[in-house]
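Structure, as structure tokens:
2 protein chains.
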Amino acid sequence: MSFIPLQPDLPLGSPHERSDAARNRERLLSAARELVDEFGAEALTMDALACKAKVGKGTVFRRFGSRAGLMMTLLSDAESDFQRAFMFGPPPLGPGASPADRLTAFGEGRIYFVLENGELLKAAGAATRNRFDVPATKLSHRHMEVLLREAGIADPWVMAMSLTYALDPERIVDDVRVRGISPKRLTDSWRDVVARLMRTT
Amino acid sequence: MSFIPLQPDLPLGSPHERSDAARNRERLLSAARELVDEFGAEALTMDALACKAKVGKGTVFRRFGSRAGLMMTLLSDAESDFQRAFMFGPPPLGPGASPADRLTAFGEGRIYFVLENGELLKAAGAATRNRFDVPATKLSHRHMEVLLREAGIADPWVMAMSLTYALDPERIVDDVRVRGISPKRLTDSWRDVVARLMRTT
DNA sequence: ATACTAAACGGACCACGGTCCGCTTTCTAT
DNA sequence: ATAGAAAGCGGACCGTGGTCCGTTTAGTAT
Chain E
5 MSFIPLQPDL PLGSPHERSD AARNRERLLS AARELVDEFG AEALTMDALA
55 CKAKVGKGTV FRRFGSRAGL MMTLLSDAES DFQRAFMFGP PPLGPGASPA
105 DRLTAFGEGR IYFVLENGEL LKAAGAATRN RFDVPATKLS HRHMEVLLRE
155 AGIADPWVMA MSLTYALDPE RIVDDVRVRG ISPKRLTDSW RDVVARLMRT
205 T
Chain F
5 MSFIPLQPDL PLGSPHERSD AARNRERLLS AARELVDEFG AEALTMDALA
55 CKAKVGKGTV FRRFGSRAGL MMTLLSDAES DFQRAFMFGP PPLGPGASPA
105 DRLTAFGEGR IYFVLENGEL LKAAGAATRN RFDVPATKLS HRHMEVLLRE
155 AGIADPWVMA MSLTYALDPE RIVDDVRVRG ISPKRLTDSW RDVVARLMRT
205 T
């Protein structure tokens with residue numbers, strides 16, 4: 005169960021889901037996962053998905069709203085895990101450590117999370133009007149905002165936004181895969197940024 | 005004249021530009037500017053542009069390569085000015101001030117520049133494979149990298165990338181226009197970030 | 001003037017995301 | 001069992017960015 009709606013799976017809170025709808029949802033999800041596994045998320049087209057799932061195109065869009073919605077749905081399990089970890093898990097990611105340590109751990113975790121789910125995340129972020137629409141991004145922003153406020157930053161909302169964009173999936177994935185930066189350099193630099201932003205001297 | 009190719013206007017370095025080509029380029033540029041003035045950059049479609057310029061669609065793409073290329077061409081004058089200012093202009097933007105002051109001034113300048121040319125910049129950034137492909141973005145990254153290195157940052161390349169994304173046009177424009185953040189809050193926060201990143205104590 | 005060539009042209013064509021709406025299926029009330 | 005309503009379905013259709021290739025045209029060499 006997820007504490008924040010991580011995916012906009014529109015007709016899901018409905019009282020009773022019709023049996024054919026449920027069947028089609030399963031068909032679509034497993035077809036989507038197969039296509040992503042085989043060809044990668046970027047190569048997935050909504051037509052191909054509809055075709056492979058033996059379902060009309062309208063059904064795909066009724067279910068997921070958009071390509072971005074589909075990607076979010078595909079991501080939601082992994083996102084929920086990460087979310088749980090930084091909200092309720094053990095320190096330093098979860099509560100109990102200092103804001104600086106938690107923020108460091110958060111960024112590192114996010115970087116590795118992005119590197120594991122990069123294609124999906126990029127696809128989810130693209131094609132949504134502003135990338136901030138992705139619910140998980142909003143939550144991540146809020147989390148950083150709280151940590152920054154605890155650390156006495158003057159405008160935690162705006163600074164959290166700066167950091168959100170610094171952790172953008174597109175940025176991270178392209179740094180590593182296109183520009184050849186090692187994940188370690190990314191996390192080291194993140195650690196440095198947080199240390200410098202938050203030191204109180 | 006620009007010191008770095010700010011726009012990928014493909015067939016321009018050619019020895020002799022054919023007269024019809026020159027005429028069509030003028031027609032396209034003025035048509036594009038009219039359309040942007042009247043309806044905004046986001047609303048500009050390549051078909052409409054071709055139609056308004058009385059030119060075939062193929063010609064539009066031969067000239068600019070892509071929608072992003074067109075936007076960059078439209079931007080190139082303004083970009084050149086800004087570029088000149090931070091490379092050769094008076095301090096604190098240009099050389100002569102401390103790295104921290106120059107970086108502060110650079111970010112502030114960039115924020116206002118983005119707010120003036122936001123639509124064009126967003127349009128130029130979207131639809132290019134990675135947003136880092138925009139030549140002006142590369143240059144801006146390089147500039148920040150140099151400043152950060154002078155200030156003794158451990159991995160200036162990566163940190164400059166973080167700051168590049170924090171100054172992303174999409175981010176800035178949406179913060180101001182969608183999320184209602186005042187430009188002043190943006191520049192104040194930028195100033196705070198740079199001060200904290202660069203203080204040597 | 002003429003013939004030749006390479007550049008430039010134009011618009012039919014394609015792929016993809018997304019919408020629309022008439023038809024079908026499932027569920028519920030009787 | 002039957003009928004009615006609502007949820008769901010499917011695929012034709014649209015707009016947009018981008019490609020392709022047969023045709024036209026500006027420049028050049030004679």
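Chains as they are written, first to last, in my numbering: chain E, 5 to 205; chain F, 5 to 205.
Glycine included, each C-beta is placed from N, C-alpha and C at the ideal position.
1. Of the residues F:P95, F:R29, F:L143, F:A82, which one's Cα is nearest the Cα of Y116 (chain F)?
2. Determine the chain F residues that contact L49 (chain E) at a beta-carbon separation under 8 Å, and present them in chain order.
3. Does the region 163–182 of chain E come close enough to the region 81–98 of chain E that 3 or more CB-CB pairs lie under 8 Å?
4. Among E:R114, E:T63, E:M50, whose alpha-carbon lies nearest the alpha-carbon of R27 (chain E)?
5. Please report the distance separating the alpha-carbon of R106 (chain E) from that of P139 (chain E).
6. Taking C-beta pairs closer than 8 Å, name the residues in chain E that M163 (chain F) reaches, listed in chain order.
7. For the region 97–111 of chain F and the region 144–154 of chain F, state whether three or more C-beta atom pairs, one from each stretch, are separated by less than 8 Å.
8. Identify the continuous alpha helix (DSSP H) that holds S80 (chain F) and give its terminal residues.
9. Contact criterion: CB-CB distance below 8 Å. Does Y169 (chain F) meet it with respect to chain E?
10. Helix, strand or coil for A101 (chain E) per DSSP?
11. Would a C-beta distance cut-off of 8 Å place I185 (chain F) and D179 (chain F) closer than the cut-off?
12. Using the Cα positions of S102 (chain F) and T205 (chain F), report the straight-line distance between them to the nearest angstrom.
13. So for M96 (chain E), helix, strand or coil by DSSP?
14. Going by DSSP in three states, I115 (chain E) sits in which element: helix, strand or coil?
15. Determine the burial state of K142 (chain E): buried for a count of at least 16 other Cβ atoms within 10 Å of its Cβ, exposed for fewer.
16. Taking 8 Å as the limit between beta carbons, can you name the residues of its chain near V40 (chain E), skipping five residues before and five after?
17. Taking Cβ positions only, does T205 (chain F) come closer than 8 Å to chain E?
18. Measure the Cβ-Cβ separation of A35 (chain E) and A57 (chain E) and say whether it is below 8 Å.
19. Alpha carbons only, please: which of E:S84, E:A72, E:R135 is nearest the one belonging to R183 (chain F)?
20. Taking Cβ-Cβ distances shorter than 7 Å, what residues in chain E pair up with I185 (chain F)?
21. Just checking: is the beta-carbon of N134 (chain E) within a distance shorter than 8 Å of some beta-carbon in chain F?
22. Identify which residue in F:M163, F:P99, F:G73 has its Cα closest to the Cα of A127 (chain F).
23. Which residue wins for smallest C-alpha separation from L190 (chain F), given the options E:A104, E:L152, E:R181, E:A158?
24. Check whether chain F comes within 8 Å of R189 (chain E), counting only Cβ atoms and requiring the distance to be less than that.
25. At 8 Å on the CB atoms, spell out the chain F contacts of L201 (chain E), in chain order.
26. May I ask which residues mark the beginning and end of the alpha helix (DSSP H) holding E46 (chain F)?
27. S144 (chain F) lies in the alpha helix (DSSP H); which residues open and close that run?
28. Quick check on the burial criterion: 16 or more other C-beta atoms within 10 angstroms. Buried or exposed for S23 (chain F)?
29. Which chain E residues sit within Cβ distance under 9 Å of D105 (chain F)?
30. Counting contacts by CB-CB distance shorter than 8 Å, is D159 (chain F) in contact with chain E?
31. In chain order, what residues of the same chain lie with their CB nearer than 7 Å to the CB of R29 (chain F), ignoring the 5 residues before and after it?
This is what the structure holds:
1. F:A82
2. For clarity, residue 49 (chain E) is Thr in the given sequence; the question names Leu instead. None at all; the shortest Cβ gap to chain F is about 17 Å.
3. no
4. Distances from the alpha-carbon of R27 (chain E) to those of E:R114, E:T63, E:M50 put E:T63 closest.
5. Answer to the nearest angstrom: the Cα atoms are 21 Å apart.
6. Near M163 (chain F) (Cβ distances below 8 Å), the residues of chain E are S193, D196, V197.
7. Segments in contact, yes.
8. 71–92
9. yes
10. strand
11. yes
12. 16 Å
13. It should be noted that the sequence gives Pro, not Met, for residue 96 (chain E). Correct three-state label for P96 (chain E): coil.
14. Assigned with DSSP and collapsed to three states, I115 (chain E) falls in helix.
15. exposed
16. Same-chain partners within the cutoff: L48, L78, E123, L124.
17. yes
18. yes
19. Looking at the Cα atoms, E:R135 is the closest of the given residues.
20. V162
21. yes
22. Selected option, being the one with the closest Cα: F:G73.
23. Across the set E:A104, E:L152, E:R181, E:A158, the C-alpha of E:A158 shows the shortest separation from the C-alpha of L190 (chain F).
24. yes
25. V197, R200, L201
26. Premise fails: E46 (chain F) is in no alpha helix (DSSP H) and is neither H nor E.
27. Here the alpha helix (DSSP H) through S144 (chain F) covers 139–154.
28. That one is exposed.
29. Within 9 Å Cβ-Cβ: nothing; D105 (chain F) doesn't reach chain E, min ~17 Å.
30. yes
31. Cβ neighbours of R29 (chain F) beyond the five flanking positions: R67.
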